[in-house]
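This report refers to the structure that appears directly beneath it.
Residue numbers (the numbering used here): 168 to 435.
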């Protein structure tokens, strides 16, 4: 198994391997006007998903820096609400290399047309560049605190995380209230089922499901395919409830949706 990512600059497939020294360094270039806006949050979420896959599946340590001049309170709240560990803050791509202790192995930035593409420092020798597709939405786009704008009406912030991860990272992502509502429903259902399955005897994860899920993640970080695989597992009568519980908890280490929440905080 190897994580394969399409380099946005060369359009060639890159196999992500353990770097010399074992530390994989990522630098994020966020939209200057609103790092906590929809496009900036999608960059942060894709980087977090890559980090989780590399650390949880491949045992590769990852360190992340974000080129951002200033961080508002909204930015900090958004990271916390979406379960994204705060990256190291750097003034520029070159500054990030200094703070990370070496040149970045990957640089991610928004593919929105207002985001500059290119002008990379030749000193970085970047093997991997990812342009993250823009978020296409009519509400809250570009606001300084996109998470608050979408969750004030009662949506779970982690439903936004799920909605922003469903499409392949390099494709535009249409985000509507319908999609967000659907993500809320899926998240609530999964948490209720995980709480029910927890009452059953534990059982090994179904090997065929785990294999398909790993293949999906290896193929250009296809989180959407992983979600569909888990959706199918819900209704698979051949898999014991305890095995479903173990599988959902295992892959929640990648998805970070707090699927065990209802074990300690049952819904009203």
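Every residue gets a Cβ at the ideal spot worked out from N, C-alpha and C, and that includes glycine. None of the values given here were measured: they were computed from a predicted structure.
Across the structure, residue 231 and residue 247 are spaced so that their CA atoms are roughly 16 Å apart.
Three or more beta-carbon pairs separated by less than 8 Å link the region 402-416 to the region 363-373, which places the two stretches in contact.
In this structure, the straight-line span from the alpha carbon of residue 387 to that of residue 171 is close to 5 Å.
The C-alpha of residue 222 lies about 31 Å from the C-alpha of residue 348. In the three-state scheme derived from DSSP, where H, G and I count as helix and E and B as strand, residue 231 is classed as strand.
DSSP places residue 275 inside the beta strand (DSSP E), whose first and last residues are 273-277. By the Cβ-count criterion, residue 430 is exposed, with fewer than 16 other Cβ atoms from all chains shown falling within 10 Å of its own Cβ. Rounded to the nearest angstrom, the gap between the Cα atoms of residue 426 and residue 216 is 16 Å. Counting only the Cα atoms, residue 432 lies some 34 Å from residue 385. Sequence-distant partners of residue 212 (beyond 5 residues in either direction) whose C-beta falls short of 8 Å from its own C-beta, in its chain, are 249, 251, 328, 331 and 332. Residue 214 and residue 397 have their C-alpha atoms some 22 Å from each other. Counting the other Cβ atoms within 10 Å of the Cβ of residue 243 gives fewer than 16, which makes it exposed. Distance from residue 245 to residue 195 at the Cβ level is roughly 14 Å; contact not present, criterion being Cβ atoms closer than 8 Å.
In the structure shown, the three-state DSSP call for residue 302 is strand. Just measuring C-alpha positions, the residue of 421, 205 and 207 sitting nearest residue 226 is 421. Looking at the DSSP output, residue 386 bridges to 171. With contacts defined as CB atoms closer than 8 Å, residue 256 and residue 274 fail to qualify as a contacting pair.
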